[in-house]
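Heads up: the structure comes next, in structure tokens.
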Amino acid sequence: MSILTSNLEVPVFYPTYDEFENFSSYISKIESQGAHKIGLAKIVPPKQWIPRKMGYKQKSIDETMVENPIKQEVHGKDGLYLVYNIQQRSIKVSQFQKLASSSRYVTPPSISNDVEKLEKKYWENLTSIAPIYGADVSGSFYDKSQKAWNINNLGSILDDLEVEYGTKIEGVNTAYLYFGMWKATFAWHTEDMDLYSINYLHFGAPKQWYVIPPSYGKLFEKFAASRFPSSARRCPAFLRHKMTIIAPSILTKNSIPFSKMTQYENEFIITFPYAYHAGFNYGFNCAESTNFASKRWIEYGKHSVQCACRHDMVKIGMDRFVRKYQPELYDDWSRGINVTSHPEDEQMLKNNTTIVRSSPTKTRLPIHCKSSKSKKNSCLGERF
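105 is the number that full-length UniProt numbering gives to position 105 of the sequence shown; each next residue is one higher, with no gaps.
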């Protein structure tokens, strides 16, 4: 099977138990079939695989603290919005579930089982009643004995940060839990340093995903900057603030290709380097997520454009990865010369996209040369 971006259908994979045992090998396998070209893939694990033998109806889960959940106030109109995240007091999971089930926040009962109607209602009522999102909660609901696809221990090259340098970055090379409710939203963004991400839905209502193929990432950035000009003037990498919401209908009207996928409990979603994605939750649920990397990511990391207006943004020095995995390039790199181009540049040119890219730390040679995870918004956005 080969996947083409002209199709734009998010691929769904059903690995056997043997295939599932080696995480990095399976990611390589689905990339060999083109999954990364769409930017997102769904993985349905084999039935024998159980992340938590005791299940989720346990006191230890009910009493888990949701640290500083965020109230998400959305402002805007006509398919263009900004979300402002306001920290709330910490509560237990049992209290969060009760809140999510209250009349104010509950999924509309009359259509609670109809994802298509709920998706339409979400976009029609985005600015009404600010939901609460239990995002970026440090922790894991996996059994430590579960070695396969354990988000705490994926065995990717991102582990080098901790193994060789003793560096832990919460939510990047450690696990985060996410407790959602109806309309709780994640705005358009790529991962920190344009890494991969993995998201497993432990239990609860589905999660809606939208994704733009990496080859159209620059086109999307240019479009977003044209619609949010003051944000773009203040910070060229303003999409890293995770405040920008653009409706699918607007993308369609402006010929920006995208795909969508609904994730259900016991399913994985993988996002690939430089794939802009966004989405929301259909009701109370719990997901677990982290980032990971492969050798293919290194070029994306080297060319990732960082936000410079916030002190809490994740930045990973690429020297260690270049030295270990690209030794033939290290001399140039250590002298501040980046002799490679962005992995998507060739396809961007085919998409008639003007490429304007800068590196925060390295000199960029011509394109033809071959030789946090913070909950609070600290930057103001557009005014509507």
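C-beta atoms are modelled at their ideal positions from N, C-alpha and C, and glycine is treated no differently.
- Taking all protein chains shown into account, residue 131 has 16 or more neighbouring C-beta atoms within 10 Å of its C-beta and is therefore buried.
- For secondary structure counted as the beta strand (DSSP E) over 3 or more consecutive residues, the stretch 4-45 holds these complete runs in sequence order: 40-43.
- The Cβ-Cβ distance between residue 258 and residue 248 falls below 8 Å.
- Fewer than three pairs of CB atoms, one per stretch, sit closer than 8 Å, so the stretch 174-187 makes no contact with the stretch 261-270.
- Comparing alpha carbon positions, the residue from 206, 305, 174 and 215 closest to residue 241 is 305.
- The alpha helix (DSSP H) runs of length 4 or more contained entirely in the stretch 162-202 do not exist; there are none.
- If you compare the alpha carbons of 90, 153, 301 and 245 with that of residue 314, the shortest gap goes to 301.
- Around the beta-carbon of residue 85, 16 or more other beta-carbon atoms lie within 10 Å, marking it buried.
- The way I'd put it, the stretch 100-109 doesn't touch the stretch 135-148; fewer than three beta-carbon pairs between them come closer than 8 Å.
- In this structure residue 48 is exposed. Its beta-carbon is surrounded by fewer than 16 other beta-carbon atoms within 10 angstroms.
- For residue 306, the three-state secondary structure derived from DSSP is coil.
- Annotated as proximal: residue 202 and residue 265, with beta-carbon spacing under 8 Å.
- Collapsing the DSSP output to three states places residue 317 in coil.
- Residue burial is scored here from C-beta neighbours: residue 171 has at least 16 other C-beta atoms within 10 angstroms and is therefore classed as buried.
- When secondary structure is reduced to three states using DSSP, residue 112 falls in the coil class, being assigned neither helix nor strand.
- According to DSSP, residue 263 shares a beta bridge with 207.
- Judged by DSSP in its simplified three-state form, residue 129 adopts coil rather than helix or strand.
- Counting only runs that start and end inside the stretch 67-123, the alpha helix (DSSP H) elements of at least 4 residues fall at 93-100.
- Cβ-Cβ separation between residue 214 and residue 275: approximately 5 Å, consistent with a contact (criterion under 8 Å).
- Under the criterion of beta carbons closer than 8 Å, residue 69 and residue 97 do not qualify as touching, at roughly 12 Å.
- In the DSSP annotation of this structure, the continuous segment of the beta strand (DSSP E) that includes residue 278 starts and ends at 276-281.
- For residue 223, there is no enclosing beta strand (DSSP E); the residue is found in the alpha helix (DSSP H) stretching over 217-227.
- Checking the DSSP bridge columns, you'll see residue 134 partnered with 179.
- Here the alpha carbon of residue 93 sits roughly 36 Å from the alpha carbon of residue 250.
- Following the DSSP letters along the chain, one finds residue 249 in no beta strand (DSSP E) but inside the alpha helix (DSSP H) bounded by residues 248-253.
- Taken atom to atom, the span from the alpha-carbon of residue 80 to that of residue 182 is near 20 Å.
- Within the same chain, and ignoring the five residues on either side of residue 21 in sequence, the residues whose Cβ sits closer than 6 Å to its Cβ are 148.
- Residue 133 sits close to residue 72, with the two beta carbons spaced by under 8 Å.
- Going by DSSP, residue 269 is part of the beta strand (DSSP E) stretching over 268-271.
- By the neighbour-count criterion, in which 16 or more other beta carbons inside 10 Å mark a residue as buried, residue 36 falls on the buried side.
- Taken atom to atom, the span from the alpha-carbon of residue 64 to that of residue 255 is near 44 Å.
- Residue 157 and residue 77 have their C-alpha atoms spaced approximately 42 Å apart.
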